[in-house]
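J.: Under our numbering, the residue at position 56 of the sequence shown is numbered 562, and the numbers go up by one with no gaps.
For glycine and all other residues, C-beta sits at the position ideal for the given N, C-alpha and C.
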Amino acid sequence: MAYALLWILVNVVARVCFRYRTVGAEHVPRQGGVLLAANHESYLDIPLLGCGVRRRLRFLGRRSLFPNPIIGWICRHLGWIPIRQDRLDREGFSEAIQLIKAGKAVVIYPEGARSRDGCLQPAKPGVGVIVAKTGCPVVPVHIEGTFEALPPDARFIRCRPVTVTFGEPMDLTEDLKKLDGKTAYQHVASAVMARIAELAGNSAARFAPQR
């Protein structure tokens, strides 16, 4: 009930303040285990992605995101799955895997952290681990406008247009059969990020320059 009420509230605010719109939301399966993989530009990504999907989502996010234990407890019950960023968090990923196997929808940000400049960052292998353990489809998602609305270190939210684009589900199980271990995980993660870049409309320039 709490999730449903927040979903309605965020939708109203999003459409009034951000001229919010979605593209391809019909690509998200209405039932069954699925992993949604999105770029990460802002703290607004979680609520604005969530209000574009008509089913309850669970979100993988860094453990330090909600340090207050009371707020953390509330967010846990709303669907937050805390994970550590310094290593592959087996506990957090195991929870996500079990949820997907139980037919739930889980959101992951393959880059592992917010972009500091609005460009796409290289993917980490976590998304590949989940796909390997579940065999679930991956729905690539590109979020546009949240970096302008709330960039890193900004003190106030700005009213900027936000569009969330959902791509067709990706079946990466055949790719996993051809590769092993970490190589397979990273291959899947890179393939997903490439698709997210395609949804952005410019697959090359959207990536941050390699250092």
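Say the cut is 7 angstroms; is the CB of Q537 nearer than that to a heavy atom of the ligand ZN?
T.: This structure lacks the ligand ZN; in fact it carries no ligand of any kind.
J.: In the DSSP assignment, what are the bridge partners of A510?
T.: None; A510 has no bridge partner.
J.: Who are the near neighbours of G556 in its chain, counting only those whose CB is closer than 6 angstroms to its CB and skipping five residues on each side?
T.: Closer than 6 angstroms at Cβ, skipping near neighbours: L563.
J.: Which of the three DSSP states, helix, strand or coil, is assigned to V694?
T.: Residue state, collapsed to three classes: helix.
J.: Please state whether DSSP places V635 in a helix, a strand or coil.
T.: Here V635 sits in helix by DSSP.
J.: Are the beta-carbon atoms belonging to V612 and L682 less than 8 angstroms from one another?
T.: Their beta carbons are not under 8 angstroms apart, which means V612 does not touch L682 by this criterion.
J.: Let me check one thing: in DSSP terms, what residues is T671 bridge-paired to?
T.: Paired residue(s): V529, H648.
J.: G609 to Y549, Cα distance in whole Å?
T.: Going by the C-alpha atoms only, they are around 26 angstroms apart.
J.: To the nearest angstrom, how far is it from the Cα of G539 to the Cα of E674?
T.: Straight-line Cα distance between these residues: approximately 15 angstroms.
J.: If you draw a straight line from the C-alpha of R560 to the C-alpha of R536, how long is it?
T.: Using only the alpha carbons, I get a separation of about 8 angstroms.
J.: Identify which residue in P657, G651, E601, D623 has its Cα closest to the Cα of G632.
T.: Nearest option by C-alpha distance: E601.
J.: For L656, which of E547, M507, V694 has the nearest alpha-carbon?
T.: If we check each option's Cα against that of L656, E547 comes out closest.
J.: Taking P667 and G651 to be in contact with their CB atoms under 8 angstroms, please state how far apart those CB atoms are, rounded to whole angstroms.
T.: Yes, they are in contact, since the Cβ atoms of P667 and G651 sit about 5 angstroms apart, within 8 angstroms.
J.: Write down the C-beta distance between H583 and G634 rounded to the nearest angstrom, noting that I regard them as a contact closer than 8 angstroms.
T.: Going by Cβ atoms, the distance from H583 to G634 rounds to 29 angstroms, so no, they are not a contact pair.
J.: Please list, in chain order, all residues of the same chain as G687 whose beta carbon is under 7 angstroms from its beta carbon, the five residues on each side excluded.
T.: Cβ neighbours of G687 beyond the five flanking positions: none.
J.: Grouping DSSP H, G and I as helix and E and B as strand, with all else coil, what is L555?
T.: Helix, per DSSP.
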